[in-house]
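Peer 1: Convert by adding 519 to the 1-based position in the sequence shown; the result is the number in my numbering.
Idealized CB from N, CA, C, for every residue including glycine.
Predicted model only: the values in this text are computed from it and were never measured.
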Amino acid sequence: MSRIKVALIGAGSYVFGLRLAVDLISYPELKGLVLSLMDIDRDRLEFTTKLVKIAAEQSKAEVGIHSTTDRREALKDADYVVTSIRAGGMEATRLDLEIPAKYGIEQGVGDTIGPGGVFYGLRNGFALLEICKDMEDLCPDAWLLNYTNPMAILCWVIKELTKVKFIGLCHSVPNTAHLLASYIGAQLNEISYLAAGINHMAWFIDFRWRGVNAYPILREKFSDPSIYDNPNHPAYYDLVRIEIFKALGYYVSESSNHLSEYLPYFRKNLKLIERYRVLSSSRRLEVQEKSRRMRDEKLLKILQEGEQLPLRRSGEYCAQIVYAIETNTPTKIYGNVENTGLITNLPYGCIVEVPCVVDGGGIHPCYIGSIPSQCAALNRMNINVQELAARAIIERSRERVFQALLVDPLTSSLLTIDEIRRLTEEMFEAQSKYLPKLE
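1. Are the segment 571-590 and the segment 603-616 touching, with three or more C-beta to C-beta distances below 8 Å?
2. Assuming T567 contacts Y533 under a Cβ cut-off of 8 Å, what Cβ separation, rounded to an integer in Å, is found between them?
3. Which partner residues does T935 have in the DSSP bridge list?
4. Which whole runs of the alpha helix (DSSP H) in the segment 746-787 are 4 residues long or more, in chain order?
5. Since L492 contacts G635 with CB under 8 Å, what's their CB separation in whole angstroms?
6. Where does P693 sit, in a helix, a strand or coil, going by DSSP?
7. Between the segment 653-662 and the segment 793-813, are three or more C-beta pairs nearer than 8 Å?
8. What residue from A526, V628 and L564 has the CA that sits closest to K595's CA?
9. Leaving out five residues on either side along the sequence, give the residues of the same chain with a beta carbon under 8 Å from the beta carbon of E576.
10. Checking the sheet assignment: what are the DSSP bridge partners for K524?
11. DSSP three-state label for C894, please.
12. Using C-beta distances below 8 Å, list every residue in its chain close to E565, excluding the 5 sequence neighbours before and after it, in chain order.
13. When DSSP labels each residue in this structure, what does Y546 get in the three-state scheme?
14. In terms of residues, what are the limits of the beta strand (DSSP E) holding A606?
15. Can you give me the Cβ contacts of E709 inside the same chain, cut-off strictly under 8 Å, excluding the 5 residues immediately before and after it?
16. What are the partner residues of H585, as DSSP defines its beta bridges?
17. If we count the other Cβ atoms within 10 Å of its Cβ and call it buried at 16 or more, is I936 buried or exposed?
18. Who are the near neighbours of R783 in its chain, counting only those whose CB is closer than 8 Å to its CB and skipping five residues on each side?
19. Give the DSSP bridge partners of T851, in chain order.
Put into structure tokens, the structure is as follows:
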């Protein structure tokens, strides 16, 4: 096997850079693997690089490891480019959450749609286009494996403005499959499922345990009121998804905290937020900072005290894709791709999340047909925002940003048109240093 170069852009994120590097290193069949770690934060990049080298030593892997703050150097002659970036860093993310909260819009994450998601998309969208431009010049045949959110908005822009081969990757479908198995008391290898829809809102349109429809069992489990009073039961923090499941008949792929942002029902006031046990904007920032600090301390301890790194595969799709293509080993994943008629009752050309088969010939999305109409209806509410936000980047248009927030399910359930206009302008003013000039 000849050299395989994988460029990890945004590798200074310890979780992203280290997790995916460990996954790739874990495949001994990937002879000639070269990891090119790139980040604009030199200190974090250096830290991640040390950890990746420790992982390689522990696993006795024959792998080349290089790090650089020069993106073009990292991309040159790459076979795969993996992106996980946060343009503007945590400073801009704080603005994504704090400014809308002044208007009564509480976001539990703020990286998919809503005011936070749209502006996060603007920042990351323009940054990702620069990466794609370099790819067209330096590695035109490489696959772009994108982990950056907002997934659908960014993939929409990539397919419209570049010639790069891409797929958007997210762990929400397999993670939800694990959760569903635990709800009904099944082993993961005993269940089968088919999910389809959009990123962070894919529907389990088929869910079976040992070949038998498992939804009746799930409904029975959810009818037990005691599970909602037990903080140790996963249903305790899954009230939003369970309510949507009871209303529409199908389970959805994203956490209750995240899903509650995409719909107009669950975040109208702080009482509802408390009732559904989802995060307010301020609480989200607290949790995010605490989690980041604890993770950094744990990894720093490994470096300082020479502890062993846990070398378990994460289940992320990146390494599975590289392995499947390089060894021509057919593998099934879930990915975000252009809707070329794959889901017939969602708009042609939007970005959908569907099963894909990966082999030596590349990545092949699977035809689904129509999904349940009630599920498609909620998908389309989000697709409307995604399209207008993508058009804002494609057209470099401030007005498209306003229009995206105008049709956003959560924003429009809380604000008047004039208030949405003021919010949009305040967000632009606060984030001007992170964005190019839009007309």
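Peer 2: This is what the structure holds:
1. no
2. 6 Å
3. T935 pairs with nothing; no bridge assigned.
4. 758-767 and 775-778
5. Lying before the first or after the last residue shown, residue 492 is absent from the chain, which here runs from 520 to 958.
6. helix
7. no
8. A526
9. none
10. V553
11. helix
12. S586
13. coil
14. Run containing A606: none; DSSP gives neither H nor E here.
15. A700, W728 and R729
16. S555
17. exposed
18. The amino acid at residue 783 is misidentified as Arg; the sequence shows Pro. Cβ neighbours of P783 beyond the five flanking positions: P928, L929, S931 and S932.
19. The question names Thr, but residue 851 in the sequence shown is Lys. Answer is V876.
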